[in-house]
Amino acid sequence: ETSVDDNEAVRFLRVEDRKIRVLYIEEAPRWEYRYLKNALKRVDAAIVVQCFLCDATRSFEQEHSELLPPLRDIPATRDALREYDVILIGDVPAERLAPTEEGVRAWLDLLLEWVEDGGGVGFLWGERAMPERYRGTPLIDLLPVVLEEPADAAPIVASFRPALENPTQPHPMLRLLRDPANNRALWERGFAPFEI
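Residues 24 to 219, numbered by this note's numbering, are exactly what the sequence shown covers, in order.
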């Protein structure tokens with residue numbers, strides 16, 4: 024070796040002796056919520072979590088790690104958000120994040136500011152709201168996807184007919200009739216369209 028000057032490097036690492044605090048906001052207790060909430064509570068003792076289900080009744084005790092109290096509302100101030108290291112937003116419509124339209128806008132602006140200051144945010148896709156209901160909000164640039172314009176989106180197909188990939192020699196599983204010609208005719212004309 025001709026030079027030994029590049030064989031080592033010095034890096035400084037800050038190690039904090041505190042737990043990572045996670046806020047998880049979800050609309051309803053769907054499967055993803057149950058799985059992720061349990062994982063966050065059990066996988067690593069260095070992680071503590073507070074969950075907030077928007078669909079829960081006021082008397083429901085929001086789920087949380089043992090070291091933290093249950094939430095009564097979504098944290099809605101700059102200082103309250105700074106208590107968290109990570110915020111996860113599930114399939115919750117933006118309008119459920121605060122009681123008024125101005126409140127929703129203010130909360131989304133606070134979240135954006137929190138991320139710009141170094142907070143970590145994650146989004147969980149869902150059929151009801153995420154990410155489509157965040158179109159036109161301050162969070163649009165934080166989403167991990169680029170939303171197509173509605174006019175550019177592919178049309179929704181209401182029904183379809185199944186088709187064989189190889190009609191002359193279909194897979195044995197797709198041979199519903201013994202005679203190849205009748206089997207092909209069945210697949211091409213014999214089924215009513217499937218509705219989706």
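By construction, the Cβ of each residue, glycine as well, lies at the ideal position given by its N, Cα and C atoms. Computed from a predicted structure; not experimentally measured.
Hey, how far is the Cα of residue i from the Cα of residue j?
i           : j           : result
residue 30  : residue 165 : 39 Å
residue 151 : residue 114 : 6 Å
residue 167 : residue 148 : 10 Å
residue 33  : residue 94  : 43 Å
residue 24  : residue 65  : 49 Å
residue 208 : residue 195 : 16 Å
residue 130 : residue 101 : 9 Å
residue 185 : residue 193 : 13 Å
residue 48  : residue 215 : 43 Å
residue 92  : residue 36  : 31 Å
residue 99  : residue 171 : 30 Å
residue 187 : residue 210 : 7 Å
residue 128 : residue 121 : 9 Å
residue 191 : residue 213 : 16 Å
residue 46  : residue 169 : 25 Å
residue 183 : residue 203 : 23 Å
residue 51  : residue 201 : 49 Å
residue 138 : residue 217 : 45 Å
residue 57  : residue 75  : 12 Å
residue 54  : residue 27  : 55 Å
residue 125 : residue 84  : 27 Å
residue 89  : residue 163 : 34 Å
Helix, strand or coil, according to DSSP, for residue i in the structure here?
i           : result
residue 138 : helix
residue 37  : coil
residue 224 : Nothing about residue 224 can be read from this structure; the chain reaches only from 24 to 219.
residue 209 : helix
residue 59  : helix
residue 156 : helix
residue 31  : coil
residue 118 : helix
residue 44  : strand
residue 111 : strand
Would you grab the beta carbon distance between residue i and residue j for me? Rounded to a whole angstrom, and I think it's under 8 Å.
i           : j           : result
residue 199 : residue 206 : 6 Å
residue 132 : residue 161 : 6 Å
residue 70  : residue 59  : The Cβ separation is near 11 Å, so there is no contact.
residue 44  : residue 86  : The Cβ separation is near 15 Å, so there is no contact.
Every unbroken alpha helix (DSSP H) inside the stretch 71-106 [4 residues or more]
Fully enclosed alpha helix (DSSP H) runs of no fewer than 4 residues occupy 101-104 of the stretch 71-106, in order along the chain.
Do the stretch 76-86 and the stretch 26-40 make contact, defined as three or more Cβ pairs closer than 8 Å?
The stretch 76-86 is not in contact with the stretch 26-40.
Would you check if the stretch 137-147 and the stretch 103-115 touch, i.e. whether three or more CB-CB distances between them fall below 8 Å?
Using a Cβ-Cβ distance cut-off of 8 Å, the stretch 103-115 and the stretch 137-147 are in contact, since at least three pairs of beta carbons, one from each stretch, lie closer than that value.
Measuring CB atoms only, is the stretch 115-122 touching the stretch 152-163, in the sense that at least three cross pairs come out at less than 8 Å?
These segments touch.
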